[in-house]
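Participant: Going down the list, the sequences are from chains A and B. The first sequence maps to residues 1073 to 1184 in the numbering used here. The second sequence maps to residues 10 to 122 in the numbering used here. Cβ atoms here follow ideal geometry from the backbone N, Cα and C, with glycine treated the same way. Here the structure is a predicted model, which means the values were calculated and not measured. Encoded as structure tokens, here's the structure I'll be asking about.
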Amino acid sequence: DAKTTQPTSMDCAEGRAANLPCNHSTISGNEYVYWYRQIHSQGPQYIIHGLKNNETNEMASLIITEDRKSSTLILPHATLRDTAVYYCIVRVPLRNDYKLSFGAGTTVTVRA
Amino acid sequence: AAGVIQSPRHLIKEKRETATLKCYPIPRHDTVYWYQQGPGQDPQFLISFYEKMQSDKGSIPDRFSAQQFSDYHSELNMSSLELGDSALYFCASSLVGNLDTQYFGPGTRLTVL
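Right under this line is the structure:
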């Protein structure tokens, strides 16, 4: 399984952009990078995923380096409700489905 | 949009009792996953089902079993409960062919006394 490395925690000011880095140097060519977040004790929430191109949706942007060994999740205008644990996950293909291996994510605290 | 439904949301059991957790996937989703999250830990994959067949097992104890029914809902059966089984249990569902993005339910909090 490709492993990911994320900072343990980070703070962000409300209204500012939050940039969350993730290293995945052993990622293989057909593995996607997924981002989920978990707000205290709630079910993990899907944010975004990508293979090699940058992606953007209504929640966030995902920037993947050209060598695919790292990526950055960008929350453009952080709000207090974005306080959560953010998980960067490289999806492991497994026959017809793809289990998610949650590692130690980044605890993001958005401060007023 | 419809989301994954889990029931019950909270469950309290005594040691050695049995518990059944239910999961109703997003309509048209054909794959269900179960995850366990102990206190202060990250979610850990237990088991998954695709089209009513078991796909794979993770770190699921032999005391646990699960199945997916014809309507695609799934049940996780837990027997001989131990204190260490106290955790949040999440179900997720996905649609094969749609990049299999997993969408999670709100979870069931199981407390074993």
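Taking 9 Å as the cut-off, decide whether the C-beta atoms of L90(B) and V121(B) are in contact.
Facilitator: V121(B) sits close to L90(B), with the two beta carbons spaced by under 9 Å.
Participant: Sort L20(B), L30(B), K24(B) and A10(B) by Cα distance to Q76(B) and report the nearest one.
Facilitator: L30(B)
Participant: Are the beta-carbon atoms of G1175(A) and T1098(A) separated by less than 9 Å?
Facilitator: no
Participant: Apart from the five residues on each side of it in sequence, which residues of its chain come closer than 8 Å, Cβ to Cβ, to R1088(A)?
Facilitator: H1149 and A1150
Participant: Mind reading off the beta-carbon distance from Q46(B) to F113(B)? Whole number of angstroms is fine, and I expect it under 8 Å.
Facilitator: That pair is no contact at about 11 Å.
Participant: Could you check what DSSP says for L55(B) in three-state terms: helix, strand or coil?
Facilitator: strand
Participant: At what residue ranges does the stretch 1075–1131 of chain A contain a whole run of the alpha helix (DSSP H), taking only runs of 4 or more?
Facilitator: none
Participant: In terms of alpha-carbon separation, which member of L55(B), Y59(B) and F78(B) lies closest to G67(B)?
Facilitator: L55(B)
Participant: For the candidate residues I35(B), E26(B), Y44(B) and H19(B), whose alpha-carbon lies nearest to that of L1172(A)?
Facilitator: Y44(B)
Participant: For T1137(A), which residues of its own chain have a beta-carbon under 8 Å away from its beta-carbon, when the five flanking residues on both sides are left out?
Facilitator: S1143
Participant: Can you give me the C-alpha to C-alpha distance between L1145(A) and L97(B), rounded to a whole angstrom?
Facilitator: L97(B) has its alpha-carbon roughly 27 Å from the corresponding atom of L1145(A).
Participant: Which same chain residues, not among the five before or five after K3(B), have their C-beta less than 6 Å away from its C-beta?
Facilitator: Residue 3(B) is absent from the structure shown; chain B starts at 10 and stops at 122.
Participant: So the beta strand (DSSP E) C101(B) belongs to, where does it begin and stop?
Facilitator: Sequence check: residue 101(B) is Ala here, not Cys. That run of the beta strand (DSSP E) goes A96 to S103.
Participant: Check the Cβ of Y1158(A) against every Cβ in chain B and list those closer than 7 Å, keeping chain order.
Facilitator: Taking the beta carbon of Y1158(A) as reference, no residue of chain B falls within 7 Å; the closest one sits roughly 12 Å away.
Participant: Could you list the residues in the stretch 1110–1122 of chain A with a C-beta less than 9 Å from some C-beta on chain B, going in chain order?
Facilitator: Q1110, S1113, Q1114, G1115, P1116, Q1117, Y1118 and H1121
Participant: So, under 8 Å CB-CB, T1181(A) and V1157(A) are touching, yes? Tell me the CB distance rounded to an integer number of Å.
Facilitator: Actually they are not in contact, since the Cβ atoms of T1181(A) and V1157(A) sit about 10 Å apart, beyond 8 Å.
Participant: Using the C-alpha atoms, what's the distance from A1085(A) back to L92(B)?
Facilitator: 40 Å
Participant: Below 9 Å between beta carbons: does that hold for H38(B) and T117(B)?
Facilitator: No. Outside cutoff.
Participant: Are the beta-carbon atoms of Q111(B) and Y59(B) separated by less than 9 Å?
Facilitator: With a cutoff of 9 Å on beta-carbon distance, Q111(B) and Y59(B) are scored as not near each other.
Participant: Ends of the beta strand (DSSP E) at I22(B)?
Facilitator: Before going further, note that residue 22(B) is Lys rather than Ile in the sequence given. In the DSSP annotation of this structure, the continuous segment of the beta strand (DSSP E) that includes K22(B) starts and ends at H19 to K22.
Participant: So, is D80(B) buried or exposed, given that buried needs 16 or more other C-beta atoms within 10 angstroms?
Facilitator: exposed
Participant: Could you work out which residue in S95(B), S88(B), K24(B) and Q63(B) is closest to F78(B) when comparing CA atoms only?
Facilitator: Q63(B)
Participant: Which residue's Cα is closest to the Cα of Y1159(A): Q50(B), S103(B), S57(B) and F73(B)?
Facilitator: For the options Q50(B), S103(B), S57(B) and F73(B), the alpha carbon positioned closest to that of Y1159(A) is the one of Q50(B).
Participant: Which residue marks the beginning of the beta strand (DSSP E) containing F73(B), and which one marks its end?
Facilitator: For F73(B), the enclosing beta strand (DSSP E) has its first and last residue at F73 to Q77.
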